[in-house]
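Here the structure is laid out as structure tokens; the discussion comes afterwards.
In our numbering, the protein residues as written are 623 to 724.
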């Protein structure tokens, strides 16, 4: 992705926090370690964090669709893990493109 090797563990930890919980918790973790990260790593992780790539967002989307149409809500719920996987790939791609510019 373009994160310097020495900062990969910190950045990966923040990415995992975002995936499991949400972007707000991950931003709080980023705030704690931002002084130790290079501007490049900080820019890359910031781009990754502004997306819907987490389990809670997929749950919110599935619940909203289920409220509109029960049958389609069940379809969205069935593909929940695929949605998380796809949204995570899009976040990684966006961060990688940002790494080319930074």
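Beta carbons: idealized from backbone N, C-alpha and C, even for Gly.
Quick caveat, the model's predicted, so the values are computed rather than measured.
Nearest-angstrom Cβ-Cβ length linking residue 698 and residue 682, presumed shorter than 8 angstroms: So it is not a contact: roughly 11 angstroms between Cβ atoms.
Cβ neighbours of residue 688 in the same chain (closer than 6 angstroms, five flanking residues each side left out): The residues 695, in chain order, have a CB closer than 6 angstroms to that of residue 688 in the same chain once the five nearest residues on each side in sequence are set aside.
Presumed contact (8 angstroms Cβ cut-off) between residue 645 and residue 656, rounded CB distance: Residue 645 to residue 656, Cβ: 15 angstroms. No contact.
Cα-Cα separation between residue 630 and residue 709, rounded to whole angstroms: Counting only the Cα atoms, residue 709 lies some 21 angstroms from residue 630.
Integer-rounded CB distance, given that residue 670 should sit under 8 angstroms from residue 723: The beta carbons of residue 723 and residue 670 sit about 14 angstroms from each other, so the pair does not count as a contact at 8 angstroms.
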